[in-house]
Amino acid sequence: MNQLSDKPKNGGIARDKALSPEKKSEIAKQGADARWKGDIPEVLCEGMLDLGIISIPCYVTHDGQRLISGRGMQEALRLVDEGLPESGQKPGSRMTRLLNNKNLRELIFKNKSADHFLPIRVRWKGIRINGYNAEMLADICEGMLEARNKMADKLSPRHAIVAAQCELLLRAFARVGITALVDEATGYQKLRPADGLKSYFDLILRKELAAWFKRFPDEYYENIYRLRGWEWPGMQKNRYSVVSKYTNDLMYERMMPGLPAEFKQRNPRIDGKKKGKDHMLLDENGEKLFAQQMFTVIALQRACLNKTGNKWDKFMRMMDDILPKKGKGVQLNLPNLSDDSSNG
């Protein structure tokens with residue numbers, strides 16, 4: 039029995055020695071190609087996503103998936119720095135531990151399926167790599183900030199650092215749209231179908247006006263008055279007409295390129311009046327973008343209310359720095375974690 043079992047083994051060793059390095063490489067490639075046949079997407083475009091404080095690899099696959107590399111996702115969230123000891127655990131497991139934390143999981147996952155947060159295996163330059171859905175970065179940021187607000191005393195030192203980093207990330211790409219950032223970084227927008235932008239508008243805008251409900255917190259309007267140095271009359275009084283222009287500037291022009299023009303087309307004025315409020319066109323995806331934008335605008339309003347001098351000018355400079363108008367280039371200048379603005 040031993041002699042019979044040794045024969046193939048010895049034959050295999052002899053065959054291996056007889057093969058040239060080129061032939062071995064060809065056989066290995068054939069085996070890899072056989073294993074890769076199936077549903078593993080292939081990367082179409084690659085690039086570096088510049089987040090100001092860090093640049094991370096990102097990809098777009100042939101089937102249109104926007105991905106951030108696994109390592110890049112962890113670096114963006116500061117899960118791989120050397121600031122705190124990690125009990126000898128490998129960096130690759132830190133994302134899994136974060137997503138499986140019983141105190142954080144519900145806030146991060148919310149109504150999304152667990153599959154949304156699983157690594158996605160793709161083929162890139164002849165190798166297999168793991169990436170994550172790019173939108174997942176925003177989902178984690180939102181969940182971590184909610185965790186910090188609701189249970190700061192339960193956050194570990196590591197998670198406190200992640201939460202602070204998440205605030206900086208949301209300030210940077212809130213309303214820019216992570217999809218648009220990945221497309222720009224990889225060059226995919228040059229290959230995207232000509233009607234790709236229209237398709238994206240269709241994704242975030244409803245075909246018809248939805249029922250109205252309150253989207254603008256009273257604080258948003260009150261803060262505008264206080265920043266301008268005007269007396270706040272309360273919500274019962276008509277607001278200055280210029281406030282609507284401020285809203286178009288602060289919200290819609292900074293959400294995505296061409297959105298105000300798309301609103302005008304889909305919700306035109308007829309005899310001087312619109313059928314409804316522009317924000318009533320937003321669907322579930324658009325509402326998420328709007329809420330994230332409003333969160334950031336109010337946070338910046340609050341930060342500037344405590345400043346001296348011309349508060350409105352300082353607020354607008356901060357808006358232009360953190361939430362620039364779309365179509366004028368994307369430049370994300372994130373402050374250092376120790377910067378005072380990270381507390382606001």
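In this note's numbering, the protein residues as written are 39 to 382.
Backbone N, C-alpha and C fix where the C-beta goes; we use that ideal spot for every residue, glycine too.
Which term fits residue i, buried or exposed, when burial requires 16 or more other beta carbons within 10 angstroms of its beta carbon?
i: Arg384; result: Since the first residue of the chain shown is 39 and the last is 382, residue 384 is not available in this structure.
i: Asn141; result: exposed
i: Asn25; result: The structure shown does not extend to residue 25, since the chain is modelled only from 39 to 382, so the question has no answer here.
i: Phe301; result: buried
i: Gly267; result: exposed
i: Asn171; result: buried
i: Pro95; result: buried
i: Asp351; result: exposed
i: Glu144; result: exposed
i: Val160; result: buried
i: Pro79; result: buried
Check whether the Cβ of residue i sits closer than 7 Å to any heavy atom of the ligand FAD, and report yes or no.
i: Arg104; result: The model on display carries no ligand, and the ligand FAD is accordingly not part of it.
Could you check what DSSP says for residue i in three-state terms: helix, strand or coil?
i: Ser107; result: strand
i: Ile158; result: strand
i: Asp321; result: coil
i: Gly181; result: helix
i: Glu269; result: coil
i: Asn286; result: helix
i: Ser151; result: coil
i: Lys312; result: strand
i: Arg277; result: coil
i: Ser93; result: strand
i: Asn305; result: coil
i: Arg355; result: helix
i: Thr99; result: strand
i: Arg135; result: helix
i: Ile336; result: helix
Chain C beta carbons: is any one of them nearer than 8 Å to that of residue i?
i: Asp351; result: Here chain C cannot be found, since the structure has a single protein chain.
Would you kindly work out how many angstroms separate the C-alpha atoms of residue i and residue j, rounded to a whole number?
i: Leu156; j: Leu137; result: 10 Å
i: Glu113; j: Cys342; result: 30 Å
i: Ser107; j: Met273; result: 47 Å
i: Asp221; j: Val98; result: 8 Å
i: Lys315; j: Ser194; result: 43 Å
i: Thr134; j: Ala329; result: 27 Å
i: Met174; j: Gly296; result: 25 Å
i: Arg307; j: Arg166; result: 53 Å
i: Arg196; j: Met182; result: 12 Å
i: Met318; j: Thr285; result: 15 Å
i: Leu265; j: Lys363; result: 20 Å
i: Asn187; j: Gln203; result: 14 Å
i: Leu288; j: Gly324; result: 16 Å
i: Lys283; j: Phe333; result: 19 Å
i: Arg132; j: Ile92; result: 18 Å
i: Glu205; j: Met294; result: 20 Å
i: Gly110; j: Leu338; result: 27 Å
Since I believe residue j is in contact with residue i (beta carbons under 8 Å), could you give me their beta-carbon distance rounded to a whole number of angstroms?
i: Ile336; j: Tyr258; result: 6 Å
i: Arg428; j: Leu361; result: Residue 428 falls outside the range modelled here, since the chain spans only 39 to 382, and no answer is possible.
i: Thr224; j: Gly102; result: In fact, because the Cβ distance is near 12 Å, the residues do not count as touching under 8 Å.
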